[in-house]
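So the sequence lines, in the order shown, correspond to chains A and B. Counting from 1, position 70 in the first sequence corresponds to residue 70 in my numbering; the numbering is continuous, with no gaps. One gets my numbering by counting positions in the second sequence from 1 and adding 1000 to each. Idealized CB from N, CA, C, for every residue including glycine. Remarks on the structure that follows.
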Amino acid sequence: GDSVTQMEGPVTLSEEAFLTINCTYTATGYPSLFWYVQYPGEGLQLLLKATKADDKGSNKGFEATYRKETTSFHLEKGSVQVSDSAVYFCAPGSSYGKLTFGQGTILTVHP
Amino acid sequence: DVKVTQSSRYLVKRTGEKVFLECVQDMDHENMFWYRQDPGLGLRLIYFSYDVKMKEKGDIPEGYSVSREKKERFSLILESASTNQTSMYLCASSFTPSGLEAFFGQGTRLTVV
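If you want it as structure tokens, here you go:
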């Protein structure tokens, strides 16, 4: 079945630092790829997505590019803020909208 | 605004009790899901449903069952709660095309004592 390997956390950064969270996956075919974010005490919400190879998803300053050749979908942000502190999940999608999640990466941003 | 609503944010139940977790969505989505979230394990799929009265097992269905009598409602049932079912439970819904996102509820933190 599908599987996801995410960068181990927790990740601690100072405000305005550059962020990379690595994500690689194994899946049948060419799935859509998603990054979800979970703020403290809340459910998951979609951060960004890409539906085919070389697509770049972007939202709120975050970006990720669908790399078919390396089966990766790394999340990046040029300048993080304290409000970005959350748990980030990478997930390929499959039939019926099922998602396979990585273990999540906890990000803490200090002022 | 789209909404997936879970009936409880926090629940405390006793070992052996039958537990019902309810989820309602207002987006007319065909698909609904129950995931379990545990630290270090991410989210794991328990069951999903792609139509009324239709269901399929996910990765960890043991000890759980589900019910979908109406399109908007998907219930997770713990037949006989055990302490190893203490966890955060998240419901989600989506349209069928896999390129479309899933929407999540706020989660139910269940403690079995």
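Helix, strand or coil for A:T2, going by three-state DSSP, please let me know. Against the first sequence, residue 2 of chain A aligns to sequence position 2. Per the sequence shown, residue 2 of chain A should be read as Asp rather than Thr. Correct three-state label for A:D2: coil.
Have a look at B:G1063 and A:R67 and give me their C-alpha separation to the nearest angstrom. Reading the second sequence from its first residue, position 63 is the one you call residue 1063 of chain B. Reading the first sequence from its first residue, position 67 is the one you call residue 67 of chain A. Going from the Cα of B:G1063 to the Cα of A:R67 covers about 38 angstroms.
The beta strand (DSSP E) spanning A:A50 covers which residue range? Along the first sequence, one-based indexing puts residue 50 of chain A at 50. Residues 44-50.
Nearest neighbour of B:G1105, chosen from B:L1041, B:D1059, B:E1022, B:F1048 [CA to CA]: As a first step, residue 1105 of chain B must be located in the second sequence, where it is residue number 105. Answer by Cα proximity: B:E1022.
How would you label A:G97, buried or exposed, when you count the other beta carbons within 10 angstroms and need 16 or more for buried? Stepping through the first sequence from its first residue, residue 97 of chain A is reached at position 97. The residue is buried, with at least 16 neighbouring Cβ atoms inside 10 Å.
Any Cβ of chain B within less than 7 angstroms of the Cβ of A:L46? Residue numbering aside, residue 46 of chain A sits at position 46 when the first sequence is read from its first letter. Yes, A:L46 counts as interfacial toward chain B.
Within a Cβ cutoff of 7 angstroms, which residues of the same chain sit near B:T1096, ignoring the five residues on either side of it in sequence? Numbered from 1 along the second sequence, position 96 holds the residue referred to as residue 1096 of chain B. If we look at B:T1096 and ignore the five residues flanking it on each side, its Cβ neighbours are E1030, N1031.
Taking 6 angstroms as the cut-off, does the CB of B:S1075 come closer than this to any heavy atom belonging to the ligand NAP? By its list of ligands, the structure shown contains no ligand whatsoever, and the ligand NAP lies outside what it can speak to.
Got a sec? Which residues, its chain only, sit under 8 angstroms from B:R1086 by beta carbon, not counting five neighbours each side? Position 86 of the second sequence, counted from the first residue, corresponds to residue 1086 of chain B. Note that residue 1086 of chain B is Thr in the sequence shown, not Arg. Closer than 8 angstroms at the Cβ level, and outside the excluded window around B:T1086, lie L1110, T1111, V1112.
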